[in-house]
Amino acid sequence: MAIQPIRIFGDPVLRATARPVTTFDKELRTLVKDLTDTMLDAPGAGLAAPQLGVSLRVFTYHVDGVTGHLINPDLSLSEEEQEGPEGCLSLPGLRYDTRRAHGVVARGFTMYGDPVTIEGTQLLARCIQHETDHLDGIIFIDRLDTERRKAALKAIRESDWGSGPAPVVKVSPHSTFGAAR
Numbered sequence: 022m023a024i025q026p027i028r029i030f031g032d033p034v035l036r037a038t039a040r041p042v043t044t045f046d047k048e049l050r051t052l053v054k055d056l057t058d059t060m061l062d063a064p065g066a067g068l069a070a071p072q073l074g075v076s077l078r079v080f081t082y083h084v085d086g087v088t089g090h091l092i093n094p095d096l097s098l099s100e101e102e103q104e105g106p107e108g109c110l111s112l113p114g115l116r117y118d119t120r121r122a123h124g125v126v127a128r129g130f131t132m133y134g135d136p137v138t139i140e141g142t143q144l145l146a147r148c149i150q151h152e153t154d155h156l157d158g159i160i161f162i163d164r165l166d167t168e169r170r171k172a173a174l175k176a177i178r179e180s181d182w183g184s185g186p187a188p189v190v191k192v193s194p195h196s197t198f199g200a201a202r
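As structure tokens, then:
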């Protein structure tokens with residue numbers, strides 16, 4: 022296993038826009054394996070490369086017994102919405118109801134450079150949107166309404182892992198369905 026340390030909220034790599042993958046080589050396959058092993062060990066439903074300190078557009082997921090990965094994702098979101106609990110391995114112990122699209126069609130590539138399309142609803146759609154947000158420097162608390170965001174930032178300040186500098190909230194370039202203000 023190649024379990025790696027997960028970057029915690031406050032690490033600048035989590036706020037940077039990840040670069041597209043242009044080379045599909047052994048190094049990329051090693052990254053996908055490290056992401057998968059680390060995600061399954063955590064355990065988590067998904068893990069993006071920036072969470073391991075690698076600023077590339079790659080993430081893995083494990084939802085409903087299915088494990089996979091996606092490179093350079095491009096998402097089409099349904100208009101139907103869902104709201105439900107969401108957490109993040111980079112914000113240990115925090116969970117807040119978050120609004121997301123109910124369905125997603127994600128196009129991208131495998132670690133071998135083959136085109137792939139993943140369609141999902143509910144938890145898989147939530148996971149794909151969450152991990153793609155990581156690739157854009159967005160953390161799920163950025164999508165919370167003002168009251169929940171304040172509660173999340175307070176919980177971070179009071180946590181034993183969140184005693185670093187004050188967090189920066191980045192406005193998502195993607196639809197927040199009117200939830201973010």
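Under my numbering, the first residue of the sequence shown carries the number 22, and numbering increases by one thereafter.
C-beta atoms are modelled at their ideal positions from N, C-alpha and C, and glycine is treated no differently.
Here the structure is a predicted model, which is why all the values come from computation and not from measurement.
- Residue pairing by DSSP places G141 opposite V125 in a beta bridge.
- By a beta-carbon distance limit of 8 angstroms, I92 contacts M132. Their separation comes to about 7 angstroms.
- When DSSP states are grouped into helix, strand and coil, E107 belongs to the strand group.
- Assignment of P41 by DSSP, reduced to helix, strand and coil, places it in the coil class.
- Under DSSP, the beta-bridge partners assigned to D95 are R128.
- In the DSSP assignment, L68 falls within the unbroken beta strand (DSSP E) covering 67 to 69.
- In the structure shown, F161 falls within a helical segment according to DSSP collapsed to helix, strand and coil.
- Following the DSSP letters along the chain, one finds V53 inside the alpha helix (DSSP H) bounded by residues 47 to 62.
- According to the DSSP secondary-structure assignment, L77 is paired through a beta bridge with R40.
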